[in-house]
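Enquirer:
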Ligand code: SF4
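In the working numbering, the protein residues as written are 417 to 1432.
Written as structure tokens, this is what we have:
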């Protein structure tokens, strides 16, 4: 008896008779789709990490192809890695759709060229692309390179071509970027960090010593209270958010959300309080005032571990919105008065009784006293009741055995006073004794998967790897540079770890220039470009509009969608002679010259820029390390080759670099020395291997290294184990000193996969490797009291055992220094103390102050009406003219991300594009009713700079708030759509945003600006 499958199942559906037929052997004929092996059976499994956000979830990538030479692999399945200690097998909607990103129709497969004035792309060969790009770069460099400045100082800089670096490529690509750009003398280099977490570094480094997330993802579960403000991790870092829910479930933690929108994090919170976008500094300074007024302070911690007791110079003052030293003509402060008062030995004076009127604590008390609950309500719109309840909850963690964790992201960084918002939160945590503690910290939730790594590697205008500063033209010699950037002691007997700067810098020079760097030539100091000012990306756009930038290299970055004021970006890019875009995807930036109706209303014939679109690999096709938000460097492997003719970033850089060198060797030209001096002696210099570059990041001994007793601790050629082994005599080379220890003689520490958590407290120290030296919680000495006993015996992170510090983490402290030595726990700061007063390290003041966003709905500052806005915020004249006022643009707008989409990448992934196909804006129910807008209506949202059109989502999540006696509405603008991708075409949200930036980080203000909304 023969039956086909369909009739067999019909028979089976009839009951027992059918089942018996099967038992008798009358099974159906095999159907093509029926005999299917388990789909992962033939696959090759490759470990990788999600390329989107900085949770860094583990992924298992399955590909076909046995890895044999010339066999082409094809990735067909991706799932969460169940071994990963943070993600534990989970992926959010972005990560779950990543296969569609890898196979996106918008993946670039071959190099393309757009001729000046043309309206189309044309396919070209790699050879043609590399040859033409090298020619354009050399001609521009030869014509514009400055060997000396007007004062005759050697500056070796090339200012007319800029470079934007990736935030998702590996650290190894990052180091190649750094060497490539500095060898050519570029100063106009920047990366995504400028546009997202730049303010984090500006705020946290002067406060604690390092500009990074203090704790880590898994540690969040140890918190007793979690304050989420300036971020929405349930939506933007969904898998990381699981540790918030762990804290709730297992630790009974309370979760508080303060945000302009009742967002998905708020939906999980015990308490939600609305706040006006752009007023966070006032709220947090209100908390500071509350804690100090009611003495909810961890006094022992504050006295021993913060600079509360130090006395400030009498030249410091604050009056009516201005700190001492303000110069209205330059819009800058002279910060010389923002210092401690010094004694005869040059040490800071102190008053342990805290009674001196100019001790830091009393100055802070006075400064914060203006931020009463009434004032907070007036500026923020938050009810006093909600505000006081939050203060009380935070106050409960001022005891030794309770901690609060603060989570934030771009909702704090994207403001013209973003650094000071974060500073205010840091002050709250210092007063509560929550830094260095398990379950505590200021947890900057980084966005892009490797924006931490690209910041670590110094891909910013004035930086070098490891947060070293690039020399300026005022530092005319190595000695003057080192003398100025190496901090002296402020208090006796402190670690002041940056005093080792000469060792880090000389080791970097040896890594950069090898044998060519010798003591006699100051280790090649002159070859580095010297800056005269910051060439951050706001400056770059301004330079372009003035015709001062000719070329632009853009790697894994979409500045047309990311720069503030998209129309200004179009004007800027249109002045370039050449643009080189290296990206896996077709981006709006590469197509900026292309007309896309209203979405990109340009005339290609009028744009004379030559554009190259070079296809690069994506994360799944490359090997290397990425640093997640917890500073954890995770190594990943390639699961396939890039599609078509696409190449790895390193191979693209290597080809341009070597061709330029060849041109200089053949033709000569301006200042070939810095370019020829840079070390590029890889086994395959055309395509440097990630392992080789990773070892270079770690550093090695160039001679036998001996310790203080003369014992050889490293043989010549061996990888160093720690930055403590670095020398300033040229016997060590290290490209990024904070990465020392990541690839030692024991192998690649970043590839470790021990997910054991023996304490059950989330200390998974065997997984990958975290900088510095695999420390998982920064400043962990502060988790124990002055005598070295853990503040909280249930969470003993680190304790003094009579001989050494030991515990669950690598001590962030000299291991054998006894507590009686009174070394401060903040070892990167000269005084070892957490800084309530930031001295002269910020451009806009040693204490935080509330300033209105540059576009303010109230047009005044209730604290000081004469100083409404940050007096030192980054603002170019032309941009000032493009600022709107509340009479025409009465609503506050704030941009944000949604779970299904990641910035402007996931609209290229079909699954995500299906999930969120169309642009929308969110409008509060009261405003919508007044304007006659219903859900699903088309609306036009306009600012002084342009307009977008989108579908209206009418919601009660955005409340109308009373601000300084006026009712203010907020519009929510998700920023994910554009004119390229698989989703429906949409407007770039940055069409609306103003070109203004934080005074310290120049990070633009995307989170609070003025718009009008109309139904269309
Ligand atoms: S986007 Fe972030 S949370 Fe989502 S899977 Fe990727 S790394 Fe994890």
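Idealized CB from N, CA, C, for every residue including glycine.
(1) Are there three or more Cβ pairs, one per stretch, closer than 8 Å when the region 1051-1062 is compared with the region 524-533?
(2) Does the beta carbon of residue 468 fall short of 7 Å from some heavy atom of the ligand SF4?
(3) List the whole-angstrom C-beta distance separating residue 860 from residue 653, where the pair is believed to meet the contact cut-off of C-beta under 8 Å.
(4) So what's residue 586 in DSSP terms, helix, strand or just coil?
(5) Report back the beta-carbon spacing between residue 1153 and residue 923 to the nearest angstrom; my notes put them in contact at under 8 Å.
(6) Applying the criterion that 16 or more other CB atoms from any shown protein chain within 10 Å of the CB defines a buried residue, is residue 627 buried or exposed?
(7) If you count every other CB in all the chains shown that lies within 10 Å of the CB of residue 636, and 16 or more means buried, which is it?
(8) Excluding sequence positions up to five away, which residues of its chain have a Cβ less than 7 Å from the Cβ of residue 905?
(9) Quick one: is residue 1321 buried, meaning 16 or more other Cβ sit within 10 Å of its Cβ, or exposed?
(10) Can you name the residues that DSSP bridges to residue 1355?
(11) Select from 1309, 1102, 1055, 1056 the residue whose C-alpha is nearest the C-alpha of residue 1078.
(12) Compare the Cα-Cα distances from residue 553 to each of 574, 538, 570 and report the closest residue.
(13) So, at 7 Å on beta carbons, what are the nonlocal neighbours of residue 1358 in its own chain, with the 5 sequence-adjacent residues on each side left out?
(14) Taking only heavy atoms of the ligand SF4 into account, decide whether any of them is closer than 7 Å to the Cβ of residue 655.
(15) Would you mind stating whether residue 624 and residue 1258 have Cβ atoms separated by less than 8 Å?
(16) Give the range of the beta strand (DSSP E) segment to which residue 605 is assigned.
(17) Mapping DSSP to helix, strand and coil, what is residue 1280?
(18) Hey, would you say the C-beta of residue 471 is under 7 Å away from at least one heavy atom of the ligand SF4?
(19) Per DSSP, residue 879 forms a beta bridge with which residues?
(20) Is DSSP giving residue 701 helix, strand or coil here?
(21) Per DSSP, what are the beta-bridge partners of residue 493 in this structure?
(22) Assuming residue 1135 contacts residue 1111 (C-beta within less than 8 Å), just tell me the rounded distance between them.
(23) What residues are listed by DSSP as bridge partners for residue 742?
(24) Does DSSP put residue 385 in a helix, a strand or coil?
(25) Roughly how many whole angstroms lie between the Cα atoms of residue 749 and residue 760?
(26) In chain order, what residues of the same chain have a beta carbon less than 6 Å from the beta carbon of residue 621, not counting five sequence neighbours either side?
(27) Using 8 Å as the threshold, is the region 852-869 in touch with the region 593-603, meaning 3 or more CB pairs across them?
(28) Once you ignore the five residues that flank residue 1171 on each side, which residues in its own chain have a CB closer than 8 Å to its CB?
(29) Alpha carbon to alpha carbon, what distance is there between residue 1219 and residue 726?
(30) With H, G and I counted as helix, E and B as strand and the rest as coil, what does DSSP make of residue 1378?
(31) In whole angstroms, what is the alpha-carbon distance linking residue 1186 and residue 491?
(32) Which residue from 1147, 539, 965, 1015 puts its Cα closest to that of residue 1364?
(33) Which value, in whole angstroms, describes the spacing of the CA atoms of residue 777 and residue 1255?
(34) In this structure, how does DSSP classify residue 541 when only helix, strand and coil are distinguished?
(35) Could you give the distance in angstroms between the alpha-carbon of residue 834 and the alpha-carbon of residue 925?
(36) For a quick check, are the C-beta atoms of residue 1353 and residue 1431 less than 8 Å apart?
Expert: Based on what the coordinates show:
(1) yes
(2) yes
(3) Going by Cβ atoms, the distance from residue 860 to residue 653 rounds to 11 Å, so no, they are not a contact pair.
(4) coil
(5) 7 Å
(6) buried
(7) buried
(8) 912, 1246
(9) buried
(10) 1366, 1431
(11) 1102
(12) 574
(13) 1427, 1428
(14) yes
(15) no
(16) 605-607
(17) coil
(18) yes
(19) 885
(20) helix
(21) 478
(22) 6 Å
(23) 749
(24) Since the first and last residues shown for the chain are 417 and 1432, residue 385 lies out of range.
(25) 27 Å
(26) 627
(27) no
(28) 499, 500, 501, 1180, 1182, 1183
(29) 30 Å
(30) strand
(31) 29 Å
(32) 1015
(33) 13 Å
(34) coil
(35) 34 Å
(36) yes
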